[in-house]
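In this note's numbering, the protein residues as written are 99 to 367. Glycine is no exception: its CB is placed at the ideal position from the N, C-alpha and C atoms. Inspection log for the structure reproduced underneath, given as structure tokens.
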Amino acid sequence: IKPPIATVQAHADARPTESASPDARVDLEASDELIEEEPAEPRDAAPAPERPKQEQRPPDSFASSARVVAGTVRLGCDRGPCASSGLSASEAKISPFSLDRDEVTLAEYARCVDTGACKPALCNGAAPVGPTASCVDWYDAVAYCQQRGGRLPTEAEWETAARGPDARRFPWGNDARSCAGGTAVDVNTDGIRDLAGDVAEWVHDFAGDAPPAGFDPKGPRTGKGRVIRGGDGCAQGEDADLRRRRDLSRIVREPWLGFRCAWSKQETE
99 IKPPIATVQA HADARPTESA SPDARVDLEA SDELIEEEPA EPRDAAPAPE RPKQEQRPPD
159 SFASSARVVA GTVRLGCDRG PCASSGLSAS EAKISPFSLD RDEVTLAEYA RCVDTGACKP
219 ALCNGAAPVG PTASCVDWYD AVAYCQQRGG RLPTEAEWET AARGPDARRF PWGNDARSCA
279 GGTAVDVNTD GIRDLAGDVA EWVHDFAGDA PPAGFDPKGP RTGKGRVIRG GDGCAQGEDA
339 DLRRRRDLSR IVREPWLGFR CAWSKQETE
């Protein structure tokens, strides 16, 4: 049984393993919605029938998420190992949002596959062993979260929620530990689990050098890859640092890469 909602106050290249046609999918650059492109209809044509809306997750399902009441926060760092692997230090204002306490599971993802909204989780034709959903590319992570009425978190939201109100380096504090990611100690003060290990996670943003700043930043409008955050496996040392960031092609599927979903405040009220 997953714990109830908790209201929290936040602080201040790999190569593709599975090919996909970029033309078959539509990118998100300035919107959280995935929109399919359609040819324009002739002016005298009869209006097209309305498409059935995707089934969205009922409100009581948000009991598995943590509500993050953010504000002005400090992201990234300018010193130490994270200065080269993380965001440059910046200040941003983040609106309240909710984030899954746990990464999406294979069982949960399978329900999206059953509806036809998501493609099966596969890496080179093989299914992951679970229980956490992996072998899912960025597009299917977006599709899954949309079916639940949500979206992928932005990079700024992910770091804000992960580091918590006291801006920790690791979920358990500021001391590096050996093989702690993905274990029982990999949970922050807000009850969000597996941030430093288990699987790394897709987020919304394109990768870019400029740090996100301003109001609810989403990173660059274009780019060659999408950002992934968090450690994977039994991450330890700097690999488990919550400020660390990487990026991959949007069509990559890896057994060590999964995701979790987020909701804006109005979506959960």
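* **Among Ala190, Asp212, Thr281 and Asp296, the one whose alpha carbon lies nearest that of Thr252** => By one-based count along the sequence shown, residue 252 stands at place 154. Ranking Ala190, Asp212, Thr281 and Asp296 by Cα distance to Thr252 puts Ala190 first.
* When the Cα atoms are used, what is the spatial distance from Pro353 to Asp176? -> Indexing the sequence shown from 1 puts residue 353 at position 255. Indexing the sequence shown from 1 puts residue 176 at position 78. C-alpha separation (whole angstroms): 31 Å.
* Asked: Residues in its own chain within less than 7 Å of Lys363 by CB, not counting five upstream and five downstream?
  -> The sequence position of residue 363 within the sequence shown is 265, counting from 1. Once the five neighbours on either side are set aside, the close Cβ partners of Lys363 are Ser193, Pro194 and Phe195.
* Where are the beta strand (DSSP E) runs, 3 residues long or more, that stay fully inside the stretch 181 to 268, in chain order? -> 188 to 192 and 195 to 198
* Run through DSSP, which three-state label would Ser163 get? -> Numbered from its first residue, the sequence shown carries residue 163 at position 65. Note: Ser163 maps to strand in three-state DSSP.
* Under the rule that 16 or more other beta-carbon atoms within 10 Å means buried, what is Lys322, buried or exposed? -> Here residue 322 refers to the residue found at position 224 of the sequence shown. Label assigned to Lys322: exposed.
* To do: Check each candidate in Phe268, Tyr207 and Ser186 and name the one with the smallest Cα separation from Gln334.
  => Against the sequence shown, residue 334 aligns to sequence position 236. If you compare the alpha carbons of Phe268, Tyr207 and Ser186 with that of Gln334, the shortest gap goes to Phe268.
* Drop a sphere of 10 angstroms on the beta-carbon of Asp235, count the other beta-carbons inside from all chains shown, and report buried for 16 or more, exposed for fewer. => Indexing the sequence shown from 1 puts residue 235 at position 137. So Asp235 counts as buried.
* Asked: In terms of residue numbering, what span does the beta strand (DSSP E) encompassing Arg324 cover?
  -> Counting from one through the sequence shown, the residue named residue 324 turns up at place 226. It spans Arg324 to Arg327 - the beta strand (DSSP E) in which Arg324 sits, taken as one unbroken run.
* 8 Å contact criterion, which Gly248 and Asp288 should meet: CB distance rounded -> As a first step, residue 248 is located in the sequence shown; it is residue number 150 there, counting from the start. As a first step, residue 288 is located in the sequence shown; it is residue number 190 there, counting from the start. About 18 Å; that fails the 8 Å criterion.
* Asked: Residues in its own chain within less than 6 Å of Trp256 by CB, not counting five upstream and five downstream?
  -> Here residue 256 corresponds to residue number 158 of the sequence shown, with the count starting at 1. The residues are Val301 and Arg327.
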